[in-house]
Structure formats: C-alpha cells, structure tokens
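Q: In my numbering, the protein residues as written are 717 to 791. Think of the CB as a built atom: it goes at the ideal place given N, C-alpha and C, for glycine as much as any other residue.
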Amino acid sequence: MDPAVGKFIGAGLASLGMGLAAIGVGNIFGNFLSGALRNPSAADGQFARAFIGAALAEGLGIFALVVALVLLFVA
C-alpha cells in the first residue's frame, strides 16, 4: 500500500468535521427558531447566543479543514 493513500484517507476523515459543523449550525438555528416561535418575547435575548453557538460550530469546521489541509500538504 502506498504511503500517500493513508494521507488521503486521513484528510478525508478530517474533512468530515466540516459536514458535521454544518449539521450543528442547522441544529442551532432550527432549535432557536422553534424556541422563538414558542416564546417570541424571549427570542431577542437568545439571538446573540445563537450566533455565538454558530460561530463556535463554524470555527470547529474551519479547524477540521485546516487539519485536512495540513495532512495533505505538510505531513
């Protein structure tokens, strides 16, 4: 087995984090919308927290991308 194959498999597995981050952002905003429709008066107070959660999830997705790129081009 060629050593480069392991590098591609590792980068592919590391890039799964990007898709999972997208699912996480969808869950965050879906749950926020569900809660906002149930209690509209509390939606304004939770809107900033929803964006903070989405930013953290996207940050983890970008970190997964960086790990995949490092595996491809540096290791």
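1. Is it true that the CB of Leu781 sits closer than 8 Å to the CB of Ser731?
2. Taking the C-alpha atoms as reference points, what is the distance between Val783 and Gly735?
3. So, at 6 Å on beta carbons, what are the nonlocal neighbours of Gly740 in its own chain, with the 5 sequence-adjacent residues on each side left out?
4. What does a CB cutoff of less than 8 Å around Phe745 pick up in its chain, not counting 5 residues either side in sequence?
A: In short, the structure shows the following:
1. For the purposes of this step, residue 731 is taken as the residue at position 15 of the sequence shown. For the purposes of this step, residue 781 is taken as the residue at position 65 of the sequence shown. By the CB criterion at 8 Å, Ser731 and Leu781 fall inside the cutoff.
2. On the sequence shown, residue 783 is found 67 positions in, with the first residue counted as 1. On the sequence shown, residue 735 is found 19 positions in, with the first residue counted as 1. Val783 and Gly735 have their alpha carbons spaced roughly 14 Å apart.
3. As a working note, residue 740 is residue 24 in the sequence shown. If we look at Gly740 and ignore the five residues flanking it on each side, its Cβ neighbours are Ala773.
4. In the sequence shown, counting from the first residue as 1, residue 745 sits at position 29. Closer than 8 Å at the Cβ level, and outside the excluded window around Phe745, lie Ala766 and Ala770.
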